[in-house]
Amino acid sequence: MERIKFQSLGHSIDNSALILFRILFGFLLAWQSFYYMASGWVYRNFILPKFTFTFIGMEWLQPLPGNGMYWYFAIMGIAALFVMIGLYYRLSLSVFTILWTGVYFMQKTVYNNHHYLLVLMCIIMFALPANSYASVDSYRLKNKKETMPVWCSYIIILQIAIVYFYAAVAKLYPDWLNGTFTGNMLTKAGAKYNISFFSWHWFHLFVAYAGFLFDLLIVPLLLFRRTRTVALAAAIVFHIFNSLTLDIGIFPYFSLAVLVFFFPAEGIRKLFFRKKQVYIDDSKVLNSKDKNLLLWFFLPWFIIQLALPLRHHFIKGDVLWTEEGHRLSWRMMLRSRKGYAEFKITDKETGKSWLYKLQRDLTPKQLQQMQTKPDMIWQMSQHIKEIYKKQGKDVLIHVTAKTSLNNNPSRLLIDPNVDMAQAKWDCFAHNEWVLLY
């Protein structure tokens, strides 16, 4: 297995890696859709809540009433199965992408970076000819192709490289490097599985530095023949360990599926597509369609992908504390937050004050997440404001919120003197009512 060499973008290669990935990708998307229905995830996050924390600006995007969200996820699961078998591939992928993007923006109580990654990967896969072989479409349309331009592989590899690189950089902070966060995480997992060494400090440090080195080096190591086998073994151990100890859904298995792009297509073809005959076109020139796609879509795409994770550096304060610029930045499994928030309501007309009973509007999971997230505290304040506005009351809302970051001593998160009913939210700058650490 030779080193992956950089070839001209128009160079034609065997498409076995892309075809196999489409099958695995579709299966994983279907698995996640149906699992979320069967496990109660859909019920807990879309049916049970009386109020939904959407992404700010997406408040119009609300769960369907009744059992509508079960049908919503069932349609996603069926669309994902169609992607897997390559039936009406782009239409099916479009349906899944639109619906899954809706899920992503509709609630952030259980925000996961891999939910965002799936949105990105669905968009990328739409642009790739992943249904050109071993698919219903290729037989139905009699348009079977055994090759693809090499840029199709480069796009996937570059996207994954960006994710891993920023994940590694984000780990360069004290509570990760001294094992504090991994200690909190592993102690909890050790109690769940009754594994004593999960509470040992040396193991916390080992996992912290192994995680950092894995994220930093896995892509370069996979690109070279001499280190590819070791990198594959490390990836299997790393992702299976994460799957067993962390609640991160299909992400570990998705990450393993992506590895097919790092191995020569000949080996993949012999394992999975033995009857496939490949005739490589010697042409290395990009056609005009591919050239326009790369220039006008993927070039801006990757500029945005490289820029988004940097935006928190231009916002005052430590993102670990303020959370401003945290999402869409590959800041994965970096911190734990605990705390409480009290909402004091004051009627402007009578001067009477009382504490708002959050439990009547929020599920336990929503309450837990909201109390330590500034943006969710702001959204809750606006929700409460609207409740009293409908009752004909003009109210002041003052929040006392204390948060502990990585089990450190609790500190005030929100300025208790600010009327949160009148506070504004700025997505691109520091909100002064969020106190700095």
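Numbering (this note's numbering), first residue to last: 1418 to 1854. Cβ atoms here follow ideal geometry from the backbone N, Cα and C, with glycine treated the same way.
Compute the Euclidean distance between the alpha carbons of residue 1437 and residue 1543, then round it to the nearest angstrom. 15 Å
Reduced DSSP category for residue 1565 - H, G, I as helix; E, B as strand; rest coil: strand
Could you compute how far the alpha carbon of residue 1694 sits from the alpha carbon of residue 1549? 14 Å
Residue environment, residue 1791, which counts as buried when at least 16 other CB atoms sit within 10 Å: buried
For residue 1678, I'd like the list of residues in its chain whose CB is within less than 6 Å of its CB, leaving aside the five on either flank, ordered along the chain. 1434, 1570, 1573 and 1574
Looking at residue 1742: is its Cβ nearer than 7 Å to the Cβ of residue 1752? no
Taking the straight line between their C-alpha atoms, what separation do you get for residue 1735 and residue 1854? 7 Å
Measure the Cβ-Cβ separation of residue 1841 and residue 1829 and say whether it is below 7 Å. no
Does the distance from the C-beta atom of residue 1599 to that of residue 1624 stay below 7 Å? yes
When you compare the region 1468-1481 with the region 1715-1723, are there three or more beta-carbon pairs, one atom per stretch, that lie closer than 8 Å? no
Measuring only the C-alpha atoms, how far is residue 1558 from residue 1604? 55 Å
Taking 8 Å as the limit between beta carbons, can you name the residues of its chain near residue 1555, skipping five residues before and five after? 1503, 1548, 1549, 1561 and 1562
Through-space distance from residue 1726 to residue 1420, alpha-carbon basis: Only weak support is given to the placement of residue 1420: the predicted model assigns it a pLDDT of 46, under 50, and the value that follows is read from those uncertain coordinates. The alpha-carbon atoms of residue 1420 and residue 1726 are separated by roughly 30 Å.
Report the option in 1757, 1650, 1458 and 1524 whose CA atom is closest to the CA atom of residue 1474. 1524
So, for residue 1496: in the same chain, excluding its five sequence neighbours on each side, which residues have a beta-carbon less than 7 Å away from its beta-carbon? 1509, 1512 and 1513
Which residues share a DSSP beta bridge with residue 1831? 1851
Status (buried if at least 16 other CB within 10 Å, exposed otherwise) for residue 1610: exposed
Buried/exposed call for residue 1552, threshold 16 Cβ in 10 Å: buried
Threshold first: 3 residues or longer. Then list the beta strand (DSSP E) segments lying entirely within the region 1790-1828, N to C. 1812-1822
Kindly indicate the opening and closing residues of the beta strand (DSSP E) around residue 1429. 1429-1431
Between which two residues does the alpha helix (DSSP H) holding residue 1836 run? First-last for residue 1836: undefined, no H or E at that position.
Can you check the region 1600-1655 for any beta strand (DSSP E) of at least 3 residues that lies completely inside it and give the ranges in chain order? none
Can you tell me which of the three DSSP states residue 1772 falls into? strand
Which two residues bound the contiguous beta strand (DSSP E) that contains residue 1495? Careful: residue 1495 lies outside any beta strand (DSSP E), inside the alpha helix (DSSP H) at 1485-1502.
For residue 1762, which of 1811, 1457 and 1591 has the nearest alpha-carbon? 1811
Would a C-beta distance cut-off of 7 Å place residue 1705 and residue 1756 closer than the cut-off? no
Taking the straight line between their C-alpha atoms, what separation do you get for residue 1418 and residue 1521? With a pLDDT of 38 at residue 1418, under the threshold of 50, the predicted position of this residue should be treated as unreliable, and no value is reported.
Nearest-angstrom Cα distance between residue 1648 and residue 1749? 21 Å
Which residues DSSP lists as bridging residue 1759, in chain order: 1817
What are the start and end residues of the alpha helix (DSSP H) that includes residue 1682? 1682-1689
May I ask which residues mark the beginning and end of the alpha helix (DSSP H) holding residue 1514? 1506-1523
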